[in-house]
Amino acid sequence: MKKITVFNNLTKQKEILEPLDPTTINIYTCGPTVYDDSHIGHARSALTWDVITRFLRYAGYKVHWARNITDIDDKILKKSIELGINPSKVARIYTYSFYEDMIRLGIDWPDYEPQATQYLPQMYSFIESLIKNKHAYTVDNDVYFSVSSFKEYGKLKGQNIQELEKGFGRIEPNEKKKNKLDFALWKGVKSNNEYGFDSPWGKGRPGWHLECSTMNYSLFGPTLDIHGGGDDLIFPHHENEIAQSESLTGRPFAKYWLHNGMILVNEEKMAKSLGNFITIKEVLKSTTPNALRFFVLNTHYRMPLNYTSEALVAAQNGINRLQEALSDLSDNNLPESSTGNFAKEFTDAMCNDFNTPIALSILFNITDKINTEKNPKQKKAYQKELLNLSQTLGLNLINTQAEYATLKDKSFSSIIEMLINWRIECKNNKDYKSADKIRDILSKCNIEVKDLTDNKYKWQFKA
RNA sequence: GGCGGCUUAGCCAAGUGGUAAGGCAGAGGUCUGCAAAACCUCUAUGCGGCGGUUCAAAUCCGCCAGCCGCCUCCA
1 MKKITVFNNL TKQKEILEPL DPTTINIYTC GPTVYDDSHI GHARSALTWD VITRFLRYAG
61 YKVHWARNIT DIDDKILKKS IELGINPSKV ARIYTYSFYE DMIRLGIDWP DYEPQATQYL
121 PQMYSFIESL IKNKHAYTVD NDVYFSVSSF KEYGKLKGQN IQELEKGFGR IEPNEKKKNK
181 LDFALWKGVK SNNEYGFDSP WGKGRPGWHL ECSTMNYSLF GPTLDIHGGG DDLIFPHHEN
241 EIAQSESLTG RPFAKYWLHN GMILVNEEKM AKSLGNFITI KEVLKSTTPN ALRFFVLNTH
301 YRMPLNYTSE ALVAAQNGIN RLQEALSDLS DNNLPESSTG NFAKEFTDAM CNDFNTPIAL
361 SILFNITDKI NTEKNPKQKK AYQKELLNLS QTLGLNLINT QAEYATLKDK SFSSIIEMLI
421 NWRIECKNNK DYKSADKIRD ILSKCNIEVK DLTDNKYKWQ FKA
């Protein structure tokens with residue numbers, strides 16, 4: 001297998017991927033905060049790491065992938081007040097919603113899905129060690145990390161502490177902090193009614209950055225191979241993770257830092273805070289998981305990706321062409337052997353910092369071969385190759401009927417609307433015989449049409 | 001203000017020194033009862049602009065313009 005090259009954000013250059021253990025890769029990627037339905041930005045992130053871990057396994061590595069769930073956080077508390085339910089229940093509701101989305105998108109289950117609230121004792125000892133080492137200090141019932149205690153602070157962002165301080169004008173000063181760049185490891189409650197956990201520093205909740213450091217340390221020890229996440233997390237989240245973890249262990253936290261680009265809507269970042277997000281559930285009403293995956297993989301993972309409905313249509317049509325080339329195959333009817341003619345090109349592309357757009361273009365090159373190959377045996381071999389490589393990207397090109405079922409509601413409604421409109425046309429032409437026939441047909445399908453004035457109508461299911 | 005990134009055909013998007021992948025859309029044709037699918041042909045002398053380095057630049061350097069991200073929670 002060829003060497004895999006990755007763009008390491010810590011060094012800002014492409015490097016050959018050399019895990020600590022040559023046979024195994026430990027990878028941790030930042031997952032969602034579960035306070036609402038996930039949007040397609042989360043889908044992009046999940047798809048990116050799904051494909052990267054799939055390829056690492058394809059390349060022969062043993063992969064241990066962890067993706068956290070942030071299940072305690074200010075936004076969750078806010079939501080719990082809005083909904084009038086316990087914060088842990090809010091977290092569970094949206095964790096399950098996230099899982100539902102991940103299943104529909106065909107994301108492989110990570111090997112670990114640590115949740116913040118399951119690691120509180122480990123967090124306490126993490127904080128205690130930092131206090132003992134003078135990297136953290138307590139103020140009232142809060143604990144803060146002291147940025148000035150970590151000389152390399154800013155190395156991921158590429159700025160030193162002085163430079164970072166200069167650009168700090170936008171942040172409201174917190175009087176409790178010794179340095180304005182310091183961040184909370186533990187946030188004490190303001191009043192006893194507030195939700196929280198009992199800790200050595202009183203009732204409160206963990207700071208966001210702490211969970212990733214703690215869970216990484218618990219799962220993988222001082223140093224892991226790859227740490228991933230969205231590029232909006234580089235600063236301060238990942239910077240702070242580095243500061244905490246390296247202050248604790250004195251060892252490098254992660255060898256390689258990989259970040260996926262954002263999804264944009266109208267050239268603007270899609271984010272919950274901007275309110276311009278499209279949920280995964282919403283988008284899957286009008287497109288298939290395959291098409292969404294194609295849409296995402298057609299752009300290199302580090303580039304921004306502009307969301308448009310046109311692009312999703314293009315993706316769906318592209319997927320259709322690939323599926324068409326395998327339309328005579330099914331699970332009971334798979335060719336035995338692959339040509340292997342394209343596997344090298346495919347691997348080369350993926351080894352070059354996971355160049356999925358090139359990898360996809362190779363799938364189309366194989367499709368050309370399938371569609372023009374006269375020799376049936378050879379054609380089968382090309383089909384097998386297309387199937388193998390598409391599966392490495394997590395695409396599902398055969399047995400696709402189940403996928404279309406997710407679109408059923410939309411198609412179903414539009415067919416009914418169409419029939420009703422046809423019926424109105426018949427009525428307007430005084431062709432009542434045809435109009436009645438259409439109404440009878442709908443009626444047999446348990447759809448009752450009710451005429452209103454001015455060609456208006458409504459329809460409903462009847463038992 | 002500080003730091004980082006982007007600008008390639010109608011649209012999406014690869015390509016980081018050797019003469020522009022791939023997809024979508026579009027045009028013409030073959031096939032077809034008609035479609036669909038498939039196949040064949042065509043669709044950027046040019047990669048934001050201006051300079052420079054080089055035998056050779058979309059690719060390297062400089063300047064300019066436009067756009068975006070992070071610095072507050074964010075995948």
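Residue numbers (our numbering): 1 to 463.
Heads up, the beta-carbon is just placed ideally off N, CA and C, and yes, glycines get one too.
It should be emphasised that the depicted structure is a prediction, and the values quoted were computed from it without experimental measurement.
Beta-carbon separation of residue i and residue j under 8 Å?
i	j	result
Met102	Ala59	no
Pro87	Ile76	yes
Phe295	Ala315	yes
Ile127	Val147	no
Arg293	Leu395	yes
Ser199	Gln122	no
Arg302	His259	yes
Tyr382	Thr339	yes
Arg57	Val51	no
Lys180	Glu163	no
Leu105	Ile280	yes
Phe183	Gly202	no
Mapping DSSP to helix, strand and coil, what is residue i?
i	result
Glu194	coil
Glu239	helix
Ala402	helix
Gly221	coil
Lys132	helix
Ile107	coil
Pro206	strand
Lys281	helix
Gln460	strand
Lys255	strand
Leu185	strand
Phe98	helix
Tyr382	helix
Ser199	strand
Val51	helix
Ile85	coil
Phe7	strand
Gly230	strand
Tyr28	strand
Lys14	strand
Val265	strand
Phe354	coil
Return the CA-CA distance between residue i and residue j, expressed in angstroms with no decimal places.
i	j	result
Phe220	Glu373	49 Å
Thr29	Pro289	22 Å
Leu363	Ser390	7 Å
Val124	Phe197	Per the sequence shown, residue 124 should be read as Tyr rather than Val. If I take the Cα positions, the gap works out to 11 Å.
Ala43	Thr95	14 Å
Ile420	Asn429	14 Å
Thr299	Leu305	7 Å
Asn26	Glu282	33 Å
Lys255	Ile366	36 Å
Ile416	Ile424	12 Å
Leu387	Ile226	29 Å
Lys134	Asp21	32 Å
Ser479	Tyr137	Examination of residue 479 is not possible in this model, given that the chain is present from 1 through 463 alone.
Lys178	Gly204	20 Å
Glu175	Asn317	57 Å
Ala116	Leu284	29 Å
Ile93	Ile85	11 Å
Asp368	Asn375	14 Å
Trp65	Thr214	16 Å
Let me confirm a value: residue i is counted as buried when at least 16 other C-beta atoms fall within 10 Å, else exposed. Which label applies?
i	result
Ile398	buried
Phe461	exposed
Ala445	The sequence shown places Cys at residue 445, not Ala. It is exposed - the Cβ of Cys445 has fewer than 16 other Cβ atoms within 10 Å.
Leu224	buried
Thr23	exposed
Glu194	exposed
Ala402	exposed
Glu246	buried
Ser443	exposed
Glu267	exposed
Asn455	exposed
Taking residue i and residue j to be in contact with their CB atoms under 8 Å, please state how far apart those CB atoms are, rounded to whole angstroms.
i	j	result
Tyr307	Ile72	Tyr307 to Ile72, Cβ: 30 Å. No contact.
Asp108	Arg54	7 Å
Phe145	Ala243	6 Å
Asn8	Trp257	6 Å
Thr5	Ile16	6 Å
Leu297	Thr356	4 Å
Glu239	Cys212	That belief does not hold up - the Cβ atoms of Glu239 and Cys212 are roughly 12 Å apart, past 8 Å.
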